[in-house]
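This report concerns only the one structure given below.
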Amino acid sequence: MEHAPCISQIATLLADPKRSAMMWALMDGSARQSEELALLAGLSPSSASAHLARLSTGGLLKVEVRGRKRFFRLSAPEVGAAIEALASATIASAPRDIPEIFKRTTPMAKSQAAPSSLLRARFCDDHLGGTLAADLYQRLLDVGWIEQFEQRVVVTHKGAKQLAGRGVFIQALAHRNVQVACACPDWSERRPHLGGSLGAALLQLFMQSGWLTLPNDSRALQLTATGQRELQRFARETELEMA
1 MEHAPCISQI ATLLADPKRS AMMWALMDGS ARQSEELALL AGLSPSSASA
51 HLARLSTGGL LKVEVRGRKR FFRLSAPEVG AAIEALASAT IASAPRDIPE
101 IFKRTTPMAK SQAAPSSLLR ARFCDDHLGG TLAADLYQRL LDVGWIEQFE
151 QRVVVTHKGA KQLAGRGVFI QALAHRNVQV ACACPDWSER RPHLGGSLGA
201 ALLQLFMQSG WLTLPNDSRA LQLTATGQRE LQRFARETEL EMA
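Counted from 1, the sequence shown has number 129 at position 129 by full-length UniProt numbering; the numbering is strictly sequential.
Okay, here's the thing in structure tokens:
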């Protein structure tokens with residue numbers, strides 16, 4: 001295994017709850033001062049500085065000096081993607097028979113350290129994640145555009161027709177070497193959102209239509225006024241279909 005990547009160093013850095021809390025606070029791509037990160041993680045300034053130094057030395061954070069202040073941000077988008085993948089794996093690997101009261105008290109339940117903008121809408125690999133994505137997935141199920149059979153998601157004939165009217169053609173997506181649709185676990189919602197080539201196509205459509213924008217180099221997506229209006233119209237139309 002001479003060419004296997006050494007992940008133990010990164011795993012050790014992320015295993016500390018205080019360090020992982022500070023990493024969560026930076027998941028939206030923002031840069032934050034060490035004092036703010038210390039407050040979020042419940043650390044003294046000196047302890048936070050020591051943890052941040054380890055994360056920086058380990059290559060997970062980069063430092064920006066602005067006058068006398070030091071700001072920290074994730075060193076690369078891949079770092080945020082890796083942390084989010086670990087969060088999703090935590091949800092996916094959780095025992096299914098845990099009583100609901102214990103599920104509500106697990107650390108992944110609506111982490112207060114994660115910025116609210118990241119919880120609402122964000123990149124999840126190549127598709128949309130967050131509250132907006134989970135709500136959309138449930139809406140597509142309710143209106144009958146997709147059906148879920150355990151972990152398998154199928155686009156119905158009705159759904160394919162409606163999506164084609166919006167410029168998303170299922171036959172074209174089916175030629176790709178990935179699933180057309182799947183239920184992707186959402187670490188912040190404990191509900192699935194739509195993955196696969198359809199999930200990626202919808203995110204692309206939303207961004208090209210100006211419904212969602214990506215401020216700066218953030219991982220968090222911003223819902224525009226146009227997007228808010230169009231999603232409300234979509235909700236009204238689908239409510240009529242369900243009536």
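Using N, Cα and C, we set each Cβ at its ideal position, and we do this for glycine too. Since the model is a prediction, treat every value here as computed from it, not as a measurement.
- For serine 30, the closest of Leu240, Thr238, Ala220 and Ala82 by C-alpha to C-alpha distance is Ala220.
- Considered as a whole, the region 28-93 harbours 34-41, 45-57 and 77-92 as its complete alpha helix (DSSP H) runs of no fewer than 4 residues, in chain order.
- When secondary structure is reduced to three states using DSSP, leucine 14 falls in the helix class.
- Beyond the five residues adjoining it in sequence on each side, arginine 122 comes within less than 7 Å, by CB distance, of Gly129, Gly130, Arg219, Ala220 and Leu221 in the same chain, given in chain order.
- Apart from sequence neighbours up to five positions away, the residues of its chain that approach glutamate 241 with a beta-carbon distance below 7 Å are Val143, ordered along the chain.
- Out of Leu40, Leu61 and Pro185, the CA that lies nearest to the CA of alanine 76 is found in Leu61.
- For histidine 157, the enclosing alpha helix (DSSP H) covers residues 157-164.
- Assignment of glutamate 150 by DSSP, reduced to helix, strand and coil, places it in the coil class.
- Going by C-alpha positions, glycine 199 is about 29 Å away from alanine 21.
- Assigned with DSSP and collapsed to three states, phenylalanine 123 falls in strand.
- When secondary structure is reduced to three states using DSSP, glutamine 222 falls in the strand class.
- For leucine 214, the three-state secondary structure derived from DSSP is coil.
- The beta carbon of valine 154 sits closer than 6 Å to the beta carbons of Glu147 from its chain, once the five residues preceding and following it are set aside; these are given in chain order.
- Cβ-Cβ separation between alanine 181 and leucine 163: approximately 10 Å, too far for a contact (criterion under 8 Å).
- Listed as beta-bridge partners of glycine 129 by DSSP are Arg122.
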